[in-house]
């Protein structure tokens, strides 16, 4: 790894500021945990993007989940990091403390057992995620249909990464010189799905793994492209990522879901960037079976999570960071999720030190 860092320093020497965005929240945490930000040259800046699905989920979705949790005939099943995400007025952990039946699961398929054991209840899974987890939600729907389970539903807020990259690439204020592309997402959708970044926007991209050496190799590959004046999509995670991705996962996903416009925290509404259940699976869509309305409430807060997710500022630039907003009492979702950039900054810090 020392040799990789030396090569990075050689390529960065004499150049203006180089801004590289890691798109994946797992990359963000790995980069901080391994101290990679601190050992890079001063002119190489790593910028965290909208790679945390919990963080980009808007308040309205949380408000809907809370609304369903208040019904005595509903059980909410969710990943643990959704519990503390603030809605307009409350969060799911508060509702759980008040007596709502909210259960933490480790996989969408855990909900099959919950639904089978509670036939008189509507079991609602909070389907939040990117292409990485969306196929498992789709597979759960297919399994429920095959098993004749009729009380399992999805509250869907899955999002697609490539459309968000398009918005970031088009936004000149982002000033992104290269993308460290998400390894887990690429396992499903393949490297071909990112080609437009290089061909249309002339921005290099490299798919990377999550260990320190894998991340450094991906960053070095990006700097080599920049040094050569090239813009290509390269794969530095070849052990699991293929050009076409996982065809089986993509087939399952396409069978259950179709694309739709979606709202992203910080990025606004992005066309064809979300997933909704196809009409033939509407019996599993809780918003079709039992629609709820929530009042749009604009929270008065100085939280700048949206700007953090776009790479416009770093967490310490937010006036709440480390003061009113800390992991145990978060104001914004970027401090809540284990993949949130604010949580990573708070836990690991972002200062520089020399690497001899």
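Residue numbers (this note's numbering): 20 to 375. Where a beta carbon is used, it is the ideal one built from N, C-alpha and C, also for glycine.
Within the same chain, show all residues whose beta-carbon is closer than 6 Å to that of residue 51, passing over the 5 residues directly before and after it, in chain order. As a working note, residue 51 is residue 32 in the chain shown. Closer than 6 Å at Cβ, skipping near neighbours: 363, 367.
Residue 217 and residue 223: beta carbons closer than 8 Å? Sequence index remark: in the chain shown, residue 217 carries index 198 (1-based). Sequence index remark: in the chain shown, residue 223 carries index 204 (1-based). Yes, Cβ-Cβ distance for residue 217 and residue 223 is below 8 Å.
For residue 177, count the other beta carbons within 10 Å of its own beta carbon; 16 or more makes it buried, fewer makes it exposed. Which is it? Locating residue 177 in the chain shown gives position 158, counting from the first residue. With 16 or more other Cβ atoms within 10 Å, it is buried.
Which residues bound the beta strand (DSSP E) around residue 96? For the purposes of this step, residue 96 is taken as residue 77 along the chain shown, with counting starting at 1. Note, residue 96: beta strand (DSSP E), 93-97.
Between which two residues does the alpha helix (DSSP H) carrying residue 242 extend? Walking along the chain shown from the start, residue 242 turns up at place 223. Per DSSP, residue 242 belongs to the alpha helix (DSSP H) from 231-247.
What would DSSP say about residue 333, mapped onto helix, strand or coil? Residue numbering aside, residue 333 sits at position 314 when the chain shown is read from its first letter. Reduced to three states, the DSSP call for residue 333 is coil.
Report the residue from 187, 278, 303 whose alpha carbon sits nearest the alpha carbon of residue 144. Translated into the one-based positions of the chain shown, residue 144 becomes position 125. With distances taken between Cα atoms, residue 144 lies closest to 303.
Going straight from the alpha carbon of residue 98 to that of residue 121, what length do you get? The residue you call residue 98 lines up with position 79 of the chain shown. The residue you call residue 121 lines up with position 102 of the chain shown. One C-alpha to the other measures close to 10 Å.
Given residue 173, which residues of its chain have a CB within under 7 Å of its CB, disregarding the five upstream and five downstream residues? Taking the first residue of the chain shown as 1, we reach residue 173 at position 154. Same-chain partners within the cutoff: 144, 146, 156, 160, 296, 303, 304, 305.
So, residue 287 versus residue 328, is the Cβ gap smaller than 8 Å? Numbered from its first residue, the chain shown carries residue 287 at position 268. Numbered from its first residue, the chain shown carries residue 328 at position 309. Taking 8 Å as the Cβ cut-off, residue 287 and residue 328 do not qualify as a contacting pair.
Taking only runs of the beta strand (DSSP E) that begin and end inside the region 136-184, which ones reach a length of at least 3 residues, in chain order? 141-146, 171-175
Of the listed residues 107, 56, 47, 66, nearest to residue 76 (C-alpha basis): Residue numbering aside, residue 76 sits at position 57 when the chain shown is read from its first letter. Per the Cα distances, 107.
Stretch-stretch touch, CB-based, cutoff 8 Å, three pairs: the region 202-210 with the region 265-282: yes
Please state the DSSP three-state secondary structure of residue 362. As a working mapping, residue 362 is identified with position 343 in the chain shown. In this structure, residue 362 counts as helix in the three-state DSSP scheme.
At least 3 beta-carbon pairs within less than 8 Å: the region 349-361 vs the region 41-60: yes
Starting from the C-beta of residue 243, find all residues in its chain whose C-beta is less than 7 Å away, skip the five residues before and the five after it, and write them out in chain order. On the chain shown, position 224 is the one that residue 243 refers to. So the list reads 30, once near-sequence residues are dropped.
Report all residues from its chain with a CB closer than 6 Å to the CB of residue 72; omit the five preceding and five following residues, and keep chain order. Position 53 of the chain shown, counting from 1, holds the residue named residue 72. Excluding residues within five positions, the ones whose Cβ falls inside 6 Å are 147, 148, 149.
Residue 39, enclosing beta strand (DSSP E) - first and last residue: As a first step, residue 39 must be located in the chain shown, where it is residue number 20. Note, residue 39: beta strand (DSSP E), 37-41.
As assigned by DSSP and simplified to three states, the class of residue 289: Within the chain shown, numbered from 1, the residue matching residue 289 stands at position 270. It is a strand residue.
Rounding to the nearest angstrom, what Cα-Cα distance links residue 378 and residue 280 in this structure? Past the boundaries of the shown model lies residue 378; the chain is included only from 20 to 375, so the question cannot be answered.
Please work out which residues of its chain come closer than 6 Å, Cβ to Cβ, to residue 236, disregarding the five sequence neighbours upstream and downstream, and give them in chain order. Position 217 of the chain shown holds residue 236. Here the set comprises 255.
According to DSSP, is residue 273 helix, strand or coil? In the chain shown, the residue the question calls residue 273 occupies position 254. Residue state, collapsed to three classes: helix.
Are the beta-carbon atoms belonging to residue 211 and residue 263 less than 8 Å from one another? Counted from its first residue, the chain shown places residue 211 at position 192. Counted from its first residue, the chain shown places residue 263 at position 244. Yes, the Cβ-Cβ distance between residue 211 and residue 263 is below 8 Å.
Could you name the residues of the same chain whose beta carbon sits closer than 6 Å to that of residue 253, not counting the 5 residues immediately before and after it, in chain order? Here residue 253 is taken as the residue at index 234 of the chain shown, counted from 1. Taken in chain order, the residues that qualify are 225, 240.
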